[in-house]
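Colleague: Sequential numbering of the sequence shown, starting at 1, is according to the UniProt record's numbering.
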Amino acid sequence: MLERLNRAMEHIERRLDSSVDVGELARTAATSEYHLRRMFSALAGMPLSEYIRRRRMTVAGAEVLAGERTLLEIAVRYGYGSGEAFARAFRAVHGVGPGEARRTGAMLSSQPRMAFHLIVEGSSSMRYRVVHKPEFRVVGAKARVPLVHSGPNEAIIDFVRGIGDQAKELLQKLSDQEPHGILAVCDDLDPSRAEGTDLDYYHGVVTSASAPEGTSTLPVPAGTWAVFTTSGPAPKAIQALWREVFTEWFPSNPYRGRPGPEILRMRMSADGSEADAELWLPVEQEAG
Numbered sequence: 001m002l003e004r005l006n007r008a009m010e011h012i013e014r015r016l017d018s019s020v021d022v023g024e025l026a027r028t029a030a031t032s033e034y035h036l037r038r039m040f041s042a043l044a045g046m047p048l049s050e051y052i053r054r055r056r057m058t059v060a061g062a063e064v065l066a067g068e069r070t071l072l073e074i075a076v077r078y079g080y081g082s083g084e085a086f087a088r089a090f091r092a093v094h095g096v097g098p099g100e101a102r103r104t105g106a107m108l109s110s111q112p113r114m115a116f117h118l119i120v121e122g123s124s125s126m127r128y129r130v131v132h133k134p135e136f137r138v139v140g141a142k143a144r145v146p147l148v149h150s151g152p153n154e155a156i157i158d159f160v161r162g163i164g165d166q167a168k169e170l171l172q173k174l175s176d177q178e179p180h181g182i183l184a185v186c187d188d189l190d191p192s193r194a195e196g197t198d199l200d201y202y203h204g205v206v207t208s209a210s211a212p213e214g215t216s217t218l219p220v221p222a223g224t225w226a227v228f229t230t231s232g233p234a235p236k237a238i239q240a241l242w243r244e245v246f247t248e249w250f251p252s253n254p255y256r257g258r259p260g261p262e263i264l265r266m267r268m269s270a271d272g273s274e275a276d277a278e279l280w281l282p283v284e285q286e287a288g
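(1) Shortest alpha-carbon distance to S216 belongs to which of W242, Q239, I74, V185?
(2) Would you mind stating whether L279 and V227 have Cβ atoms separated by less than 9 Å?
(3) Sort out for me which residues DSSP pairs T217 with in a bridge.
(4) Quick check on K173: buried or exposed, where buried means 16 or more other Cβ atoms within 10 Å of its Cβ?
(5) So, are the CB atoms of I74 and V64 less than 9 Å apart?
(6) Please report the residue range of the beta strand (DSSP E) in which S231 lies.
(7) Find out if the Cβ-Cβ distance for the pair M80, A89 is shorter than 9 Å.
(8) State the Cα-Cα distance for the pair T70 and H94, rounded to the nearest angstrom.
(9) Would you list the one or two residues that DSSP bridges to I263?
(10) Under three-state DSSP, which class holds G204?
(11) Please classify H203 as buried or exposed, where buried requires at least 16 neighbouring CB atoms within 10 angstroms.
(12) Comparing alpha-carbon positions, which option in E286, S252, T247 lies nearest R38?
(13) If you draw a straight line from the alpha carbon of A167 to that of E213, how long is it in whole angstroms?
(14) Assign K236 to buried or exposed, taking buried as 16 or more other Cβ atoms, counted over all protein chains shown, within 10 Å of its Cβ.
(15) Mark T104 as exposed unless 16 or more other C-beta atoms lie within 10 angstroms of its C-beta, in which case mark it buried.
(16) Using alpha carbons as the reference points, say which of P191, V245, Y255 lies closest to T229.
(17) Are there 16 or more other CB atoms within 10 angstroms of the CB of P134, so buried, or fewer, so exposed?
(18) Take M1 and list the residues in its own chain whose beta-carbon comes closer than 7 Å to its own, dropping the five residues that flank it on each side.
(19) So does the region 102-116 actually touch the region 191-207, counting three or more Cβ pairs closer than 8 Å?
(20) Opposite G257 in the DSSP bridges: which residues?
(21) Candidates H117, G23, H180, A30: which alpha carbon is nearest L264's?
(22) Measuring only the C-alpha atoms, how far is V130 from E178?
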């Protein structure tokens with residue numbers, strides 16, 4: 001998988017002065033566009049679109065400082081329809097406009113080319129199982145919240161605190177199939193997986209029972225799920241598990257992510273400092 005990702009990185013470099021088709025990138029990496037975006041975000045720590053923009057502005061910045069082309073010629077070369085649009089994109093990356101950068105020889109930001117390598121440590125193994133599950137429903141309270149990659153998600157914490165104990169007890173009784181108990185379910189995430197983008201969050205259960213009044217229902221089609229378990233400090237251990245799944249498990253196994261909700265089953269210690277967690281991710285086998 002990492003070798004195919006590196007071919008996709010080379011593909012980007014050859015097309016920085018033209019449009020980069022993410023579908024074509026996915027074909028170069030021999031995977032789906034969905035999985036490519038998800039893998040890149042996890043490995044690189046930024047959305048694929050952001051990396052492409054930063055690389056494009058890096059090479060454009062070198063041309064601005066070189067002074068061999070007019071600013072409009074550079075703007076057109078890198079796909080911007082006007083000098084104003086190019087200046088906005090340039091300033092967003094470099095913190096200074098292209099005209100000022102050329103006049104003053106300002107210091108610019110540089111996004112290095114990325115290449116992915118597998119570091120083999122062999123110090124631990126991941127606990128997982130693969131489950132083929134028929135269609136099911138998630139029933140529970142729903143909110144639109146921002147995505148947070150590191151640390152507590154205060155929007156989710158506040159939302160869950162606002163759900164009454166009686167409502168939580170009712171939901172708990174409705175749980176009648178795997179994954180059991182009250183779950184944290186994330187759906188409709190932005191393809192970029194950028195920090196701060198919105199997602200649908202459900203505090204609910206998987207059930208065949210009728211949805212109580214005031215709750216929301218998320219139908220989930222039949223499919224294959226990779227199920228991972230971890231224990232440790234919360235939320236640090238759980239966020240580490242997410243990273244390990246995409247940096248270690250996917251590159252080493254014949255599966256890729258597919259669209260669908262991401263489900264977390266978590267049991268907290270009495271003082272709230274430790275957690276046992278089970279992470280359900282929708283997957284499919286890689287072609288070939």
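All C-beta atoms, glycine included, are put in the ideal place defined by N, C-alpha and C.
Modeller: To lay it out plainly:
(1) V185
(2) yes
(3) V139
(4) exposed
(5) yes
(6) 223-233
(7) A quick correction: the sequence has Tyr, not Met, at residue 80. Cβ atoms of Y80 and A89: closer than 9 Å.
(8) 18 Å
(9) V185, W280
(10) strand
(11) buried
(12) T247
(13) 10 Å
(14) exposed
(15) exposed
(16) V245
(17) exposed
(18) F250, P251
(19) no
(20) V283
(21) H180
(22) 13 Å
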